[in-house]
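Per full-length UniProt numbering, the very first residue in the sequence shown carries number 1; after that it's consecutive.
We treat Cβ as the ideally placed atom computed from N, Cα and C, and that holds for glycine.
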Amino acid sequence: MFHPPTFIKKPAIKQEDDGNRLLLECRIQSDPEPTITWTHNGKPVVAKGRFKTVQKKEGNFYNVALIIDDVQNEDGGKYQPAFIGKPLIKPSPDFTKVTFECKLEADPKPTIQWFHNGKPVKDSARQKYGLAVQKDKSYLVTLDIQNLSSEDGGTYKALAKNSAGESTATINLNLEGEIWVRLFCLSLNNEHSQIPGGKEPKFLKKPTIRQENENLLIEVNIEANPKPKISWFLGS
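Given below as structure tokens:
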């Protein structure tokens, strides 16, 4: 199954040999195997001399490292943005709003541009950008979409840029078919009232929402006798 390259573990820096060797390590999930390019201050790092690259496969996971020997002052610098982990989709309880969340590592602070089906998303009251610094100095990148409609479905891409480079994260929002929105139970024209022990449809608890891969699942528990007819509606 195709899986775009995703950072499962954020890049970490380790020192060895009393600080004379640096290891920049990260873990990536991808299918097919990704092509890895390391950059330093916006320029590709060539694997020779003091620099060595490592890429070890474990199923659909890859442990990737850049090893720098005989560390020098000039090895410091800027790091291009890197999205970490899977982007999250968080709908509001009434299904009228959705928030996309992505975690990002970058230095210096990046700029963010969102795209919907390849077209730029304008930062506005209905589609609001967010970029917040976290305690671990990473960034939380968000996009809030108000007054959700079927036209908002599709592929979203977050593009992060700084002076060292750029990175992207992709989210698919599926608003097609019989999921997402208000639930109505049709009680078979009140036939329950003419059946001994009949019960009209009743929600036992509020709908719950969970994310499964790139889809959102809305689940409800209903009590009814006889078996009710179920209709899902988008908007009105």
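- Setting aside the 5 residues that flank it on each side, valine 54 is surrounded in the same chain by Ala65, each with a C-beta closer than 6 Å to its C-beta; the list follows chain order.
- Membership of leucine 148 in any beta strand (DSSP E) is not indicated, and neither H nor E is assigned to it by DSSP.
- Boundaries of the beta strand (DSSP E) harbouring glycine 165: 165 to 173, taken from the DSSP string.
- The beta carbons of phenylalanine 95 and leucine 159 sit about 27 Å from each other, so the pair does not count as a contact at 8 Å.
- Taking 8 Å as the upper bound for CB-CB distance, threonine 6 and glycine 85 are in contact here, some 7 Å apart.
- Boundaries for leucine 204: no beta strand (DSSP E) harbours it, and the DSSP string shows neither H nor E there.
- Counting only residues of its own chain and dropping the five nearest sequence neighbours on each side, aspartate 17 has no CB closer than 6 Å to any other CB.
- Using a Cβ distance threshold of 7 Å, glycine 165 and threonine 37 do not count as a contacting pair.
- Taken atom to atom, the span from the alpha-carbon of lysine 202 to that of alanine 224 is near 6 Å.
- Remark: three or more beta-carbon pairs, one from each stretch, lie closer than 8 Å, so the segment 134 to 141 and the segment 91 to 107 are flagged as touching.
- Inclusion of lysine 161 and threonine 168 in the CB contact set at 7 Å is not warranted, their separation being larger than that value.
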